[in-house]
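To start, the structure itself, in structure tokens.
Numbering (the working numbering), first residue to last: 467 to 654.
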């Protein structure tokens, strides 16, 4: 399985304890099997080079949890984003749709009572579905082999950032349509 990760360095030995613990699938090393999507997540930082790191994962012997865009996925992300204990600690790898930051944005709307969980899930179903692969255990890190790292140019990063902006704008239009169709009783 070929996987990709963008960052500000060549990451030959990933650290599953580095990064945010309250990300979609909790603490771990986040990758994608889609090279183009990984480039969309590329950022620039003054004085730093941005790299696309390539890896190969040998999944044999690893316990892998596959998630789909459904209630289980939604609940798992909400739990992780709100700092709750990981409900899938026995898995080495978790694979499933990325929520971008729409879950984080929806969290305040959901907890304020403006929309219910069912409506929030409908909102999350809108837009493109990209997959993320999260390495959660040292056993999985051992099964991940660094292949190479490619420096990304400013022009390449800007091109992909524009693609992301277009997708975010399209998502916001769908979000507005869903919110406009919330029954009056759901808002109270």
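Each residue gets a CB set at the ideal place from its N, CA and C atoms; glycine is no exception. Nothing here was measured: the structure is a model prediction, and the numbers come from that model.
Sequence-distant residues of the same chain with beta carbon closer than 6 Å to residue i, five excluded per side
i	result
residue 515	617
residue 596	503, 564
residue 487	493
residue 501	470
residue 539	533, 562
residue 620	none
Simplified DSSP assignment, three categories, for residue i
i	result
residue 557	coil
residue 522	strand
residue 530	strand
residue 549	coil
residue 654	Interpretation of residue 654 is limited by its pLDDT of 46, a score under 50 that renders its predicted location unreliable; the figure taken from the coordinates is listed afterwards. DSSP places residue 654 in coil when its eight states are reduced to three.
Contacting residues, own chain, Cβ-Cβ under 7 Å from residue i (five flanking each side not counted)
i	result
residue 610	480, 521, 523, 601
residue 599	469, 497, 498, 499, 559, 561
residue 529	556, 557, 558
9 Å Cβ cutoff met for residue i and residue j
i	j	result
residue 496	residue 485	yes
residue 623	residue 585	no
* Asked: Which residue spans inside the region 477-513 form an unbroken alpha helix (DSSP H) run of at least 4?
  -> 501-506
**Request:** Evaluate the contact criterion for the region 553-560 versus the region 602-610: three or more CB pairs, one atom per stretch, below 8 Å.
**Result:** yes
Counting pairs of beta carbons, one from the region 508-525 and one from the region 468-483, are three or more of them closer than 8 Å?
yes
- Inside the region 596-635 only - beta strand (DSSP E) runs reaching at least 3 residues: 597-601, 610-618
Check your understanding: Using 8 Å as the Cβ pair cut-off and three pairs as the minimum, do the region 487-507 and the region 532-546 touch?
Key -> yes
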